[in-house]
């Protein structure tokens, strides 16, 4: 695994068995990647017992985003071209000043990629908790907002 | 003769002092408080306990990977608890008196007396690990056995299922701890640390029925009332059948979960 990817997984305190699972999926799906992944992101949340739970793995390359949904239980991946192809972004923040994340911080954004023929059903959703909010904010700024379609 | 058996606590304490020449319960209690605090500190420092705490998240993750992301752990901050002296004394009372079929001779293995009773009572220190699902119990037992092996620690395990509706896995970690003797010289003594592993649903009920289980264990004369198993208002009826039913429900939950998984995978029907 890319050292930067591993660093990120450590930052969000992912347990070793999940890291090994991510590494395996990254390797397994590698032949399908349209471009080399540059960045990884994992959606996470804190459940009612305040335990961090991990959901979907996202990979970002120059022009694409790839999602491995429910990576703990599934082996699936989907691809979306994002370059100049983001049509809608809605951002929701909780206890996050978009500067420094705290344990209570939450950040979610969702919207549509590609033409949806007039429907407003979101086709992507990314969410983060605690220190992961900072990573998600970077993705929002660097990969989504600059790619909103003209 | 059962009628000669001392009652708990006053007669038993008197029997200990006069017949077995054991110091008064007050002195024993003070000594026990110091010893168990030291034992708790020592067990808390062991590689095994530290490894257990450090690995809970990994165990949970490992379980999720094999269960369609259903979590394992329901209680994330287990604590080492010290058995209160009265409960400790009650346990020796049960061994020496209540269940001693050879009374007034010593029970099998000899009298439960100081200083050995600290070693023989196997739950002077205990903790409870609570898992969400029934299959999480053997899963965690296996992980803790492996952890003990890595730490070169002594650990035994048993799956307890009692007629009174109590079900849990009990693990016993044994380690030598430097503790003060009754004369306050230090000695190295093996202490047992009980790790109970139970499910969330059973843990809730155990807390609710705690007083029933405690009373039942302590009393030497407690006899189940006649036809208790038809008296739905009796404590015995509620505790026993609730325990058995919940064990069944625990099993069914996992069964349904596994069936759902097979259907989703297309491996069934």
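Protein chains in written order, with the numbering used here: chain A, 853 to 1002; chain B, 4 to 272. Every residue gets a Cβ at the ideal spot worked out from N, C-alpha and C, and that includes glycine.
- request: Check whether the Cβ of residue 927 of chain A lies closer than 9 Å to any Cβ atom in chain B.
  value: Between residue 927 of chain A and chain B, the shortest Cβ-Cβ separation is not below 9 Å.
- request: Report buried or exposed for residue 862 of chain A, applying the criterion of at least 16 other Cβ atoms within 10 angstroms of its Cβ.
  value: Residue 862 of chain A counts as exposed, since fewer than 16 other C-beta atoms from the protein chains shown sit within 10 angstroms of its C-beta.
field: Validate contact between the region 98-118 of chain B and the region 162-170 of chain B using beta carbons, cut 8 Å, 3 pairs
entry: The region 98-118 of chain B makes no contact with the region 162-170 of chain B: fewer than 3 CB pairs, one atom from each, lie closer than 8 Å.
message: What would DSSP say about residue 863 of chain A, mapped onto helix, strand or coil?
response: DSSP places residue 863 of chain A in helix when its eight states are reduced to three.
- prompt: By how many angstroms is the C-alpha of residue 255 of chain B removed from the C-alpha of residue 198 of chain B?
  reply: Each residue's alpha carbon lies about 25 Å from the other.
- prompt: So, helix, strand or coil for residue 938 of chain A, using DSSP?
  reply: For residue 938 of chain A, the secondary structure class from DSSP, reduced to helix, strand or coil, is strand.
Partners in chain B for residue 874 of chain A, counting only beta-carbon separations shorter than 7 Å: Within chain B, no C-beta atom comes nearer than 7 Å to that of residue 874 of chain A; the closest sits roughly 11 Å away.
- request: Might you give, ordered along the chain, the residues of its own chain that have their beta carbon closer than 8 Å to the beta carbon of residue 880 of chain A, omitting 5 neighbours on each side?
  value: Listed in chain order, the non-local C-beta contacts of residue 880 of chain A below 8 Å within the same chain comprise 927, local neighbours out to five positions each way being set aside.
field: beta strand (DSSP E) segments (min. 3 residues) lying fully within the region 114-146 of chain B
entry: Within the region 114-146 of chain B, the complete beta strand (DSSP E) runs of at least 3 residues are 128-134.
field: Residue burial classification, residue 120 of chain B (beta-carbon count within 10 angstroms, cutoff 16)
entry: It counts as buried.
field: Burial state of residue 232 of chain B, where buried means 16 or more other Cβ atoms lie within 10 Å
entry: Around the CB of residue 232 of chain B, fewer than 16 other CB atoms lie within 10 Å, so the residue is classed as exposed.
message: With a threshold of 8 Å, are at least 3 pairs of Cβ atoms found where one atom belongs to the region 974-994 of chain A and the other to the region 932-949 of chain A?
response: With contact defined as three or more Cβ pairs closer than 8 Å, the region 974-994 of chain A and the region 932-949 of chain A are in contact.
query: Applying the criterion that 16 or more other CB atoms from any shown protein chain within 10 Å of the CB defines a buried residue, is residue 248 of chain B buried or exposed?
result: With fewer than 16 other Cβ atoms within 10 Å, it is exposed.
query: Checking contacts by CB at 9 Å: is residue 1 of chain B closer than that to chain A?
result: A query on residue 1 of chain B cannot be resolved here, the shown segment of chain B reaching from 4 to 272 and no further.
message: So, for residue 1003 of chain A: in the same chain, excluding its five sequence neighbours on each side, which residues have a beta-carbon less than 6 Å away from its beta-carbon?
response: Limits of chain A in this structure are 853 at one end and 1002 at the other, which puts residue 1003 of chain A out of reach.
task: Could you confirm whether any beta carbon from chain B is found closer than 9 Å to the beta carbon of residue 922 of chain A?
output: Yes, because at least one Cβ of chain B sits closer than 9 Å to the Cβ of residue 922 of chain A.
query: What distance in whole Å lies between the Cβ atoms of residue 869 of chain A and residue 61 of chain B, which are believed to be in contact at a cut-off of 8 Å?
result: Confirmed, Cβ separation roughly 6 Å.
- request: Kindly indicate the opening and closing residues of the alpha helix (DSSP H) around residue 30 of chain B.
  value: Taken as a continuous stretch (DSSP letters only), the alpha helix (DSSP H) holding residue 30 of chain B covers 28-47.
- request: Ignore the nearest five residues each way along the sequence and tell me which others in residue 915 of chain A's own chain have a CB closer than 6 Å to its CB.
  value: Shown here for residue 915 of chain A: same chain residues with a beta carbon closer than 6 Å to its own, the five before and five after excluded, namely 933 and 935 in chain order.
message: With a threshold of 9 Å between beta carbons, is residue 258 of chain B in contact with chain A?
response: By this cut-off, residue 258 of chain B is not an interface position.
Nearest-angstrom Cα separation, counted from residue 190 of chain B out to residue 32 of chain B: Rounded to the nearest angstrom, the two C-alpha atoms are 18 Å apart.
- request: List in chain order: all unbroken beta strand (DSSP E) runs of 3+ residues lying wholly within the region 908-991 of chain A.
  value: Counting only runs of 3 or more, we get 916-920, 930-933, 938-946, 958-965 and 976-981.
task: Could you work out which residues of chain B lie near residue 880 of chain A, taking near to mean beta carbons separated by less than 9 Å?
output: The premise fails here: residue 880 of chain A is roughly 15 Å from chain B at the closest Cβ pair, so nothing lies under 9 Å.
query: Among residues of its own chain, excluding the 5 on either side of residue 77 of chain B, which ones have a beta-carbon nearer than 7 Å to its beta-carbon?
result: Excluding residues up to 5 positions away in sequence, 133, 134, 135 and 203 lie with their Cβ nearer than 7 Å to the Cβ of residue 77 of chain B in the same chain.
- request: Could you spell out the range, first to last residue, of the beta strand (DSSP E) harbouring residue 165 of chain B?
  value: For residue 165 of chain B, no beta strand (DSSP E) segment is defined, and its DSSP state is neither H nor E.
query: Do residue 957 of chain A and residue 981 of chain A have their C-beta atoms closer together than 9 Å?
result: In this structure, residue 981 of chain A lies closer than 9 Å to residue 957 of chain A by Cβ.
query: So is residue 178 of chain B buried or exposed if we call it buried at 16+ other beta carbons inside 10 Å?
result: Answer is buried; the Cβ neighbour count reaches 16.
message: Buried or exposed, going by whether 16 or more other CB atoms sit within 10 Å of the CB of residue 272 of chain B?
response: Because residue 272 of chain B carries a pLDDT of 42, less than 50, the predicted location of this residue cannot be relied on, and no value is offered for it.
- prompt: Once you ignore the five residues that flank residue 125 of chain B on each side, which residues in its own chain have a CB closer than 8 Å to its CB?
  reply: Contacts found: 175, 195 and 197.
message: Taking the alpha-carbon of residue 74 of chain B as reference, which of A:906, A:988 and A:990 has the nearest alpha-carbon?
response: Between residue 74 of chain B and the set A:906, A:988 and A:990, the nearest pair of CA atoms involves A:906.
message: Give me the chain A residues within the contact set of residue 60 of chain B, using Cβ-Cβ distance strictly less than 7 Å, ordered along the chain.
response: Here the neighbours are 867.
message: Just to confirm the assignment, what range does the beta strand (DSSP E) spanning residue 198 of chain B have?
response: Counting along the chain, residue 198 of chain B sits inside the beta strand (DSSP E) bounded by residues 189-202.
query: Can residue 150 of chain B and residue 51 of chain B be called in contact, C-beta distance under 9 Å?
result: The beta carbons of residue 150 of chain B and residue 51 of chain B sit closer together than 9 Å.
message: Counting only C-beta atoms, is residue 172 of chain B closer than 9 Å to chain C at any point?
response: Here chain C cannot be found, since the structure's protein chains are A and B.
field: DSSP beta-bridge partners of residue 173 of chain B
entry: According to DSSP, residue 173 of chain B bridges with B:161 and B:199.
- request: Name, please, each residue of chain A whose Cβ falls closer than 9 Å to the Cβ of residue 186 of chain B.
  value: What residue 186 of chain B touches in chain A: nothing, since even the nearest Cβ is about 48 Å away.
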